[in-house]
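Trainee: Before anything else, here's the structure in question.
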Amino acid sequence: MRKWTYLVATLLMAGTTATFTGCIDTDEPEGIVDLRGAKSELIKAQAAVKLVEVEWQKAQVAYQELVNKSKELDNQYKEYDVQMHALDVKLKELEVERAQAATEQAKAEAEAKIAEANRDKAYWENKMAEEAEIFKAAMLNYQTQTAQAQEAYDNAMKLIEAGKLLLSDGEKAIIDKAQQRLYVASASLNQYYDALKTAQDNYYDALVNPDLPTLASLQAELKLAQIAVEKAEILLDEKNNMLALAEDFDAAAWDDKILDLKKKKSEYESEKSKADVEIATIKTSADYKAAEQKVAEKIKARKAAKEAYDKAVADSTTQVNTQLDIAAYKSEPINEGLRTLFSSSNDFTSLDGYTVSTGVFDYLAVQYTQTEYNADLKIEDVTARTSKASLTLMKVNAWIDALGKYSVDENGVEWNKLTLAEKEKVAKDAKEKFEKDKANWEISAKAVKGTATTVPTTDLKKVTDAYNSSYAAVESAVKAYNSAWDAVYQAAYDAAVEKEKASVLEKTYRDNMITALSPTSKAAWEALTPAEQTTSKLEAILDDTVKQAKAKADANATLAEWLKLDQTVADLAAKGEAAGNQALADDKDKKVEKAKAALVEAAGKAATAVAKVAPAISTYSALAANPYGQILANTVSVEDMTGKDAFYKEEEKDGKKTGHMQALRSDISADEFTKLSATKLDRNTAEDALEYTSDATFGTVIPGEDRLVEVTEAMVRAYIKQNNSAVLTDFGTLGAMMAANDDVQTCKDMIAAADLIKPLKAQMEGVLADLNAEINTNTALMDPFIAKADETRIALKTAKEEVKKAQEEQDALTAEAEANSKKFAELIQDYDGLISVVQDQIDGINGGVVTGTVVTVTVESVLNYWKNEVATQEKSVEEAKQKVTAAEKSIELFNKGEYKEAYVIEQKKLALETAQEAYDVAKAIYDTALAQVKAVLETLSK
1 MRKWTYLVAT LLMAGTTATF TGCIDTDEPE GIVDLRGAKS ELIKAQAAVK LVEVEWQKAQ
61 VAYQELVNKS KELDNQYKEY DVQMHALDVK LKELEVERAQ AATEQAKAEA EAKIAEANRD
121 KAYWENKMAE EAEIFKAAML NYQTQTAQAQ EAYDNAMKLI EAGKLLLSDG EKAIIDKAQQ
181 RLYVASASLN QYYDALKTAQ DNYYDALVNP DLPTLASLQA ELKLAQIAVE KAEILLDEKN
241 NMLALAEDFD AAAWDDKILD LKKKKSEYES EKSKADVEIA TIKTSADYKA AEQKVAEKIK
301 ARKAAKEAYD KAVADSTTQV NTQLDIAAYK SEPINEGLRT LFSSSNDFTS LDGYTVSTGV
361 FDYLAVQYTQ TEYNADLKIE DVTARTSKAS LTLMKVNAWI DALGKYSVDE NGVEWNKLTL
421 AEKEKVAKDA KEKFEKDKAN WEISAKAVKG TATTVPTTDL KKVTDAYNSS YAAVESAVKA
481 YNSAWDAVYQ AAYDAAVEKE KASVLEKTYR DNMITALSPT SKAAWEALTP AEQTTSKLEA
541 ILDDTVKQAK AKADANATLA EWLKLDQTVA DLAAKGEAAG NQALADDKDK KVEKAKAALV
601 EAAGKAATAV AKVAPAISTY SALAANPYGQ ILANTVSVED MTGKDAFYKE EEKDGKKTGH
661 MQALRSDISA DEFTKLSATK LDRNTAEDAL EYTSDATFGT VIPGEDRLVE VTEAMVRAYI
721 KQNNSAVLTD FGTLGAMMAA NDDVQTCKDM IAAADLIKPL KAQMEGVLAD LNAEINTNTA
781 LMDPFIAKAD ETRIALKTAK EEVKKAQEEQ DALTAEAEAN SKKFAELIQD YDGLISVVQD
841 QIDGINGGVV TGTVVTVTVE SVLNYWKNEV ATQEKSVEEA KQKVTAAEKS IELFNKGEYK
901 EAYVIEQKKL ALETAQEAYD VAKAIYDTAL AQVKAVLETL SK
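Laid out in structure tokens, this is it:
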């Protein structure tokens, strides 16, 4: 079914960014045009997702702004904490004068409470701002998930509809089923996302604006919840009645029920009119007019508070952007000795604000704004701050840090002595490293000039000797094994064979003598008992030495012929092997087994040892090349010297195993080692070695890669003096040694200069204190503006709360009547629905047309419908009662003083978590349905 290849490929493209190419069929199927249209829709949907991603980026920017705000609030929190601390101290002082200053104490207590409240408020706002921004990211994540799911759904549906043009009826039935599942899953996902979005919005609002309700508003919520229970129970009664009628269906009863429902609807319409009249009457009452007047007054007060707050903010903004001054500073020239000391120290030659030639510390007069400085204070990395005030502080702190490295406090000299000892050790190690590198350079220089230095073979000899020792151990182990084999197996084998040969010889000899007996002698022999029939007795009866000799000779000849038989050889071998194996089994000391284990171990050690020879040869060759400038004179492999087989094998003779082991391979002889280690000069190798050792010893800065003349310390000092970019570490181990020696000398100079540095450091710390005081004085100019802004902000918040409270008090006057009006309005709507359903069911039973459906109505379907409605309504009643319980709990907490911001947020969070769980389940169902659609399409494409 090649036509399906187009469809599946396009569907797979809808969920990924993979590119599908290739010519599948030269004839374009009918559905392709539709598929192209679907792809266009896909591009539009992807653009929509891009918009979501843009919003995500905006949210990230907003998040950073809120993080900055949180840090500002955190500073405010700390400021209030300090205020509270100070007021607490003041309270304790006032305790002493309580009798004389009761009024002052009360004032301090009030201020302390205000400070504590402000501190808590700043902390709470800071925490909630951070939590809200983190939550916004999570909201966008769910939004993105849902947008992507909708995009995939839309494309899948369009592709399926386009593809149906290519399907048979049977295939359409299969895809229709999968399509229906996806449709239901997508609709469910969107429904749960709407619920999740509502819960998200409620939780976010609670985070960013955690206003507490009034008792009146909580009581109004309780009243609404109670009315919802009443309404739900009324509907449950009606649905139970309908279920009873359906169980015993009677047309007349159903007609009466229609009339009853219409009558109740009319009654509710009348009740709603009464409630509406009551609302209108209340709104004309004096109490309601007074409440309206109070709301208007509070709104006016809120407007005035807002104007005062806006002015305070504007004044603060003006002040924070005013240019603030920092005066210039310039020190007197420092002591000549210190100037000389600092001129050789990188800590001072590159120190901003210090002039090496004059020994003067200075910074210029600068201007900055409080806004710039406050922005810097939010940056934890001090080096990333950019305001002129911050840069000046960094400059002075750098002066103090540079001086601080010379450790000039009471313990400074002793610490410097300890440091000196450490630096001297480093210098000693650097000298040894330089001398080693210099010696290598001298060797390679001689090699270039044609003079060879003997390459040390110590390490190579150590490895080959280790191998030779291990191989000798293998040979010894082979001998030990063979001896054990002979003592146990072979001895038993030989004894068994000899015993069998002796038995055959004895029997043949006796048979020959019996044959030689006379009839009388033979009768005498046969008269003997088996126990009496011994060889000696037989010889005595024969009593003829000639015949005896002949019988023995014939027996030996027969034995010799018998031994030539293949069967005899096999039989004797079998008896010998059986005896040998039994001897091995009976050997309590396990001589052969232990000897074999020792041989295996020795061979393993020899294998390890021989494996080290080749790397040792490579190492020796590298050593010969650098620094000795030589190459190996001969090409000798390890296998050439030792062989390449196993270290031992089972010995064979004439194609048969003897039971012995045989040592293989060999050791490395003295002549072989001499040949192996022989070297010779090579000009190219020597020049390479010279370049390497020269670079390592002297570096590459001073020209002359293949250096044959030594670089001296004087040459290095002169070069650095002429080239400021060069440093000692550029000059190999010579430069490293010089740098280490300089560190030692600097440390000695620091010890000697301790008494001069201490007052200079104290002077710079005084400069820093004066600079901080100057900045703090500038910052203090903001204090009255900050205080005014904070005062007006609190006043504005209070005014907003009073407006809200007055509005809620006004609403409370009509709350009950409006709740009743709402209840009856909803009941009217619900009864309209009931009447419509019942009428449709009556019409359906009577064979009439039911609006909006083609399903046949039966008594059974009507019964099932009302069973389902009753179950659903029972759940609605239970949910409504739970809301009543929650509302009662809220009032209880409010009366106890426990209805705090944290409680409000927690309740919203619980509702959010429930909505998230439901969404996640729906998303999983949707993902499964989408996967099933793809699987069906892939199956149909095969």
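According to my numbering, the stretch in the sequence shown is residues 1 to 942, in order.
The beta carbon of each residue, even a glycine, is placed where N, CA and C say it ideally should be.
Given the structure is predicted, the values throughout are model-derived calculations rather than measurements.
Apart from the five residues on each side of it in sequence, which residues of its chain come closer than 8 Å, Cβ to Cβ, to Lys-50?
Mentor: Confidence at Lys-50 is low in this model, with a pLDDT of 47, below 50, so the placement of that residue should be treated as unreliable; the coordinate-derived value is given next. Taken in chain order, the list of residues that qualify is empty.
Trainee: Gly-833 to Tyr-142, Cα distance in whole Å?
Mentor: Spanning the two alpha carbons is a distance of roughly 35 Å.
Trainee: Using the beta-carbon count (16 or more within 10 Å), is Ala-924 buried or exposed?
Mentor: With fewer than 16 Cβ atoms within 10 Å of its Cβ, Ala-924 is classed as exposed.
Trainee: On the DSSP bridge list, what partners appear for Val-360?
Mentor: Answer is Thr-355, bridged to Val-360.
Trainee: Quick check: the Cα distance between Glu-267 and Ile-258, rounded to an integer number of angstroms?
Mentor: Computed Cα separation, rounded: 14 Å.
Trainee: Could you round the C-beta distance between Val-455 and Thr-679 to whole angstroms and report it? I think they count as a contact, below 8 Å.
Mentor: Indeed, because the Cβ distance is near 5 Å, the residues count as touching under 8 Å.
Trainee: According to DSSP, is Thr-520 helix, strand or coil?
Mentor: Correct three-state label for Thr-520: helix.
Trainee: Taking only the alpha-carbon atoms, compute the straight-line gap between Glu-956 and Leu-781 and give it to the nearest angstrom.
Mentor: Residue numbering for the chain in the displayed model covers 1 to 942; residue 956 lies beyond these limits and cannot be assessed.
Trainee: If we ignore side chains and look at the alpha-carbon of each, how far apart do Val-936 and Lys-263 end up?
Mentor: Cα-Cα distance, rounded: 54 Å.
Trainee: State the Cα-Cα distance for the pair Ile-720 and Ile-702, rounded to the nearest angstrom.
Mentor: Straight-line Cα distance between these residues: approximately 10 Å.
Trainee: Decide if Arg-683 is buried, meaning its Cβ has at least 16 other Cβ atoms within 10 Å, or exposed.
Mentor: Arg-683 comes out exposed.
Trainee: Under three-state DSSP, which class holds Leu-35?
Mentor: Confidence at Leu-35 is low in this model, with a pLDDT of 41, below 50, so the placement of that residue should be treated as unreliable; the coordinate-derived value is given next. The answer is helix: DSSP assigns Leu-35 an H, G or I state.
Trainee: Given a threshold of 16 other Cβ atoms within 10 Å of its Cβ, counted over all protein chains shown, does Thr-858 qualify as buried or as exposed?
Mentor: Looking at its Cβ environment, which holds fewer than 16 other Cβ atoms inside 10 Å, Thr-858 is exposed.
Trainee: Determine the burial state of Ala-312: buried for a count of at least 16 other Cβ atoms within 10 Å of its Cβ, exposed for fewer.
Mentor: With 16 or more other Cβ atoms within 10 Å, it is buried.
Trainee: Below 6 Å CB to CB, which residues in the same chain sit around Asn-626 once its five sequence neighbours on both sides are set aside?
Mentor: Ala-689, Tyr-692.
Trainee: Where does Ala-452 fall in DSSP's three states?
Mentor: Coil.
Trainee: By DSSP's criteria, Val-366 is part of a beta bridge. Which residues make up the other side?
Mentor: Answer is Ile-326.
Trainee: Which word fits Val-638, buried or exposed, when buried means at least 16 other C-beta atoms lie within 10 angstroms of its C-beta?
Mentor: Val-638 should be labelled buried.
Trainee: Excluding the 5 residues flanking Val-933 on each side, which residues of the same chain have their C-beta closer than 6 Å to its C-beta?
Mentor: Taken in chain order, the residues that qualify are Ala-156, Ala-178, Leu-182.
Trainee: Taking 8 Å as the cut-off, decide whether the C-beta atoms of Tyr-489 and Ala-583 are in contact.
Mentor: Result yes, Cβ atoms of Tyr-489 and Ala-583 sit closer than 8 Å.
Trainee: Please report the Cβ distance between Leu-806 and Ala-308, rounded to the nearest whole angstrom; I am assuming they are in contact, meaning their Cβ atoms lie under 8 Å.
Mentor: The residue asked about is misnamed: residue 806 is Ala in this sequence, not Leu. Going by Cβ atoms, the distance from Ala-806 to Ala-308 rounds to 20 Å, so no, they are not a contact pair.
Trainee: CB-CB under 8 Å to Leu-261, same chain, minus the five flanking residues each way: which ones, in chain order?
Mentor: Correct list, in chain order: Glu-238, Tyr-831, Leu-834, Ile-835, Val-838.
Trainee: Enumerate in chain order the residues of its own chain whose CB-to-CB distance from Thr-464 is below 7 Å, with the five nearest sequence positions on each side excluded.
Mentor: Hits under 7 Å: Val-613, Ile-668, Phe-673.
Trainee: Cα separation between Glu-652 and Asp-554?
Mentor: Taking the straight line from one Cα to the other gives about 36 Å.
Trainee: Considering only the beta carbon of each residue, do Ile-299 and Val-877 sit closer than 8 Å?
Mentor: Cβ distance not < 8 Å, so Ile-299 and Val-877 don't count as in contact.
Trainee: Once you ignore the five residues that flank Leu-235 on each side, which residues in its own chain have a CB closer than 7 Å to its CB?
Mentor: Asp-830, Gln-873, listed in sequence order.
Trainee: How do the region 563-582 and the region 487-502 stand: do at least 3 beta-carbon pairs fall below 8 Å, yes or no?
Mentor: Yes: at least three Cβ pairs fall under 8 Å.
Trainee: Can you name, in chain order, every residue of its own chain whose Cβ lies under 8 Å from the Cβ of Asp-347, other than the five neighbours on each side?
Mentor: For Asp-347, where only same-chain residues beyond five positions count, the Cβ hits under 8 Å are Ala-402, Lys-405.
Trainee: Ordered along the chain, which non-local residues of its own chain (more than five positions away) have a Cβ less than 7 Å from that of Tyr-509?
Mentor: Contacts found: Ala-551, Lys-552, Ala-555.
Trainee: Might you give, ordered along the chain, the residues of its own chain that have their beta carbon closer than 8 Å to the beta carbon of Gln-630, omitting 5 neighbours on each side?
Mentor: Taken in chain order, the residues that qualify are Ala-447, Ala-452, Val-455, Ala-624, Thr-679, Lys-680, Leu-681, Asp-682, Thr-685, Ala-686.
Trainee: Could you round the C-beta distance between Leu-863 and Ala-246 to whole angstroms and report it? I think they count as a contact, below 8 Å.
Mentor: About 4 Å; that satisfies the 8 Å criterion.
Trainee: Apart from the five residues just before and just after Ala-602, which ones in its own chain have a Cβ nearer than 6 Å to its Cβ?
Mentor: The residues are Ala-473, Val-474, Ala-477.
Trainee: Check for me: the beta strand (DSSP E) holding Gly-659 runs from which residue to which?
Mentor: First-last of the beta strand (DSSP E) with Gly-659: 656-663.
Trainee: Sorted by chain position, which residues of the same chain lie with C-beta nearer than 8 Å to Gln-548's C-beta, five sequence neighbours on each side aside?
Mentor: Met-513, Glu-539, Leu-542.
Trainee: Please work out which residues of its chain come closer than 7 Å, Cβ to Cβ, to Gln-841, disregarding the five sequence neighbours upstream and downstream, and give them in chain order.
Mentor: Same-chain partners within the cutoff: Val-857, Val-862.
Trainee: In whole angstroms, what separates the C-alpha of Leu-12 from that of Ala-799?
Mentor: With a pLDDT of only 37 at Leu-12, under the threshold of 50, the placement of this residue in the model should not be trusted, and no figure is reported.
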